[in-house]
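A.B. asks:
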Amino acid sequence: MQKLKEANLYRSELIPVSGKLVERYNRCLKTLGFKETKLKFFSVDGVGWSPEVAEEMKDVHYLNHGDANPHGIIISPLQKGKPVYLPFHSFDREMMQHIFRTHGRKINDITRDSAICIDFDQDIDVFYEPLDILKYDDVSITFRLIDNLEDKQKEQLRLVDKFNAGNNFIDENIHQELLDSARTYGDLRHRDLKLHSLHFSTGSFYTRAFDGVYLLRDFIKTIVVFESKDYYKEAIKDTIHDVLIYHIEQPELVEKLKNHIIIECDLEYMVKTPNYERIKKFELYLNLKESQHPIREILNSKSLFKSYLNKIDLKSRKRVMGVELYLEKLERSNAFKLEDMVDQSMYFALHQPHSSLSAEHRDLIHKLLINIAPKDILFLYWYDKEQFYKNYEQWDDSFQDWVIETISNNI
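Each residue of the sequence shown is one higher than the one before, counting from 4 in the working numbering.
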């Protein structure tokens, strides 16, 4: 991952945590019922998730009490606008933006000497079966301050009232109580520490619950897409809910998404796009058995690309160039069938979210499509970074260079 880090493509916007912030982070973990970290230095993203702590805990979802109960931590106002690197839901970043838009000024004040624990509550204590995902509706976002700071503020105000009553201003015991409170918690008298609960409405989204599920319910009919075959097999036994259920590897899914005006594919348009060029080059890389030149040079040079295209076997060559061959033949005759000439995964990779979709829905569908056919390395980086990082480690060193160059040129 070192090359990605040097190119600022690997979790480059994490916030460093050390000193007092570590203490506050641990108090948040304890408040939320989690194990404290022993690390002295680590980093956090927009929702307070830390890759170093996750590695220490051996649990990437260490901020969750089960799939139905995710949490967050705010220890710094610098978390505002930062990426959420391992979102449990596709809407996690939007929820954090909602929090900072509403409570930004108070967060700045509170995090001077405290930290904020966040509960994302869907009114679901625990998931029992896969289609419990359908219960997601409104998320209630509630807040808790470490050290029960709001209660300490009330206690401090009570002491002030007591101090001002009668001749209590000469009572040294009250003096000491006030001083002890101020030294421990600061002057809380004029601080606004009340963070009222927020609500966030969910529509269509992706969740990591049940090993990954897409819930598409803003369209003609609700569609549930499972990444896990086991949970898919369990879900299709359901006879209560009127929803369409698919596994992400089912070819029928793409056709259904097209019928429901969720995705579209215009091959004549797509072959002229940078998306197609990236996908075609990735496909050549997959079909190269050996090369005398670095992969990066082959993919960046038209002459080398053609040279190596002619060196691979005919079946592989047709897989790489199938779309262009099909369109050429289609100009002369309608007798040719797409499924006979274009590799299915290549065809799926060239689909796009339907042009009628909102920006929010487009992002979600881009993520679904790149999980169906992960062939556009730029979109994989944009829409599923964790999968990108896993795939990246398996790629040829020179191909990694081409990937980094391609992504850097498009950011």
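Positions of the beta carbon are idealized from the N, C-alpha and C atoms, including for glycine. This one's a predicted model, so the numbers in the text were calculated from it and none came from an experiment.
1) Distance check for residue 35 and residue 120, CA to CA, integer angstroms please.
2) Note the first and the last residue of the continuous beta strand (DSSP E) segment covering residue 124.
3) From the DSSP secondary-structure annotation, give me the bridge partner or partners of residue 355.
4) With a cut-off of 8 Å, do at least 3 Cβ pairs link the stretch 223-230 to the stretch 242-259?
5) List the residues that DSSP assigns as beta-bridge partners of residue 78.
6) Please confirm whether residue 367 and residue 207 have their CB atoms less than 7 Å apart.
7) Identify, in the order they occur along the chain, each residue of the same chain with its Cβ nearer than 8 Å to the Cβ of residue 16, setting aside the five sequence neighbours on each side.
8) Using the three-state DSSP reduction, which class does residue 196 fall into: helix, strand or coil?
9) Per DSSP, which one or two residues make a beta bridge with residue 220?
10) Considering just the uninterrupted stretch of the beta strand (DSSP E) at residue 13, what are its terminal residues?
11) Specify the secondary structure class of residue 19 as computed by DSSP and reduced to three states.
12) Using three-state DSSP, classify residue 310 as helix, strand or coil.
13) Across the stretch 341-352 and the stretch 314-330, are there enough close Cβ pairs to call them in contact, namely three or more that are closer than 8 Å?
14) Less than 6 Å separating the Cβ of residue 360 from some heavy atom of the ligand MG?
15) Could you tell me if residue 141 is buried or exposed, where buried requires 16 or more neighbouring beta carbons within 10 angstroms of its beta carbon?
16) Count Cβ pairs between the stretch 275-285 and the stretch 379-387 that sit closer than 8 Å; are there 3 or more?
17) Measure the beta-carbon distance from residue 299 to residue 150 and round it to whole angstroms, keeping in mind my assumption that it falls under 8 Å.
18) Which one or two residues does DSSP pair with residue 73 in a beta bridge?
19) Identify which residue in 132, 303, 256 has its Cα closest to the Cα of residue 242.
20) Applying the criterion that 16 or more other CB atoms from any shown protein chain within 10 Å of the CB defines a buried residue, is residue 44 buried or exposed?
21) In three-state terms, what does DSSP make of residue 276?
22) By the 10 Å Cβ neighbour count, where 16 or more other Cβ atoms means buried, how is residue 62 classified, buried or exposed?
23) I need the straight-line Cα distance from residue 296 to residue 307, nearest angstrom please.
24) Between which two residues does the beta strand (DSSP E) containing residue 142 stretch?
25) For the stretch 364-401, list the alpha helix (DSSP H) runs that are entirely contained and at least 4 residues long, ordered along the chain.
26) Just to confirm, are residue 65 and residue 14 a CB contact at a threshold of 7 Å?
27) When you compare only the Cα positions, how much space is there between residue 123 and residue 215?
28) Quick check: residue 56 and residue 95, are their CB atoms within less than 7 Å of each other?
29) Which stretch, first to last residue, makes up the alpha helix (DSSP H) that contains residue 248?
30) Return helix, strand or coil for residue 407, following the three-state DSSP convention.
31) State the beta-bridge partners of residue 296 as determined by DSSP.
32) Any idea if residue 38 is buried or exposed, counting beta-carbon neighbours within 10 angstroms, 16 or more meaning buried?
33) Exposed or buried, which one is residue 284 when buried takes at least 16 other CB atoms within 10 Å?
34) Starting from the C-beta of residue 217, find all residues in its chain whose C-beta is less than 6 Å away, skip the five residues before and the five after it, and write them out in chain order.
35) Which stretch, first to last residue, makes up the alpha helix (DSSP H) that contains residue 106?
36) Figure out for me which residue from 263, 40, 234, 145 has the closest Cα to the Cα of residue 202.
C.D. replies: A quick look at the data gives this:
1) 7 Å
2) 119-124
3) 267
4) yes
5) Its beta-bridge partners do not exist; DSSP assigns none.
6) yes
7) 48, 85, 86
8) coil
9) DSSP lists no partner for residue 220.
10) Here residue 13 belongs to no beta strand (DSSP E), and DSSP marks it neither H nor E.
11) strand
12) helix
13) yes
14) Of ligands this structure carries none, so the ligand MG is not represented either.
15) exposed
16) yes
17) At roughly 54 Å, the Cβ-Cβ gap does not stay under 8 Å, so residue 299 and residue 150 are not in contact.
18) 67
19) 132
20) exposed
21) coil
22) exposed
23) 9 Å
24) 141-148
25) 380-386, 388-395
26) no
27) 18 Å
28) no
29) Looking at the DSSP string, residue 248 is not in any alpha helix (DSSP H); the run it does join, the beta strand (DSSP E), is 247-250.
30) helix
31) In DSSP, residue 296 forms no bridge with anything.
32) exposed
33) buried
34) 209, 228, 371
35) 95-113
36) 145
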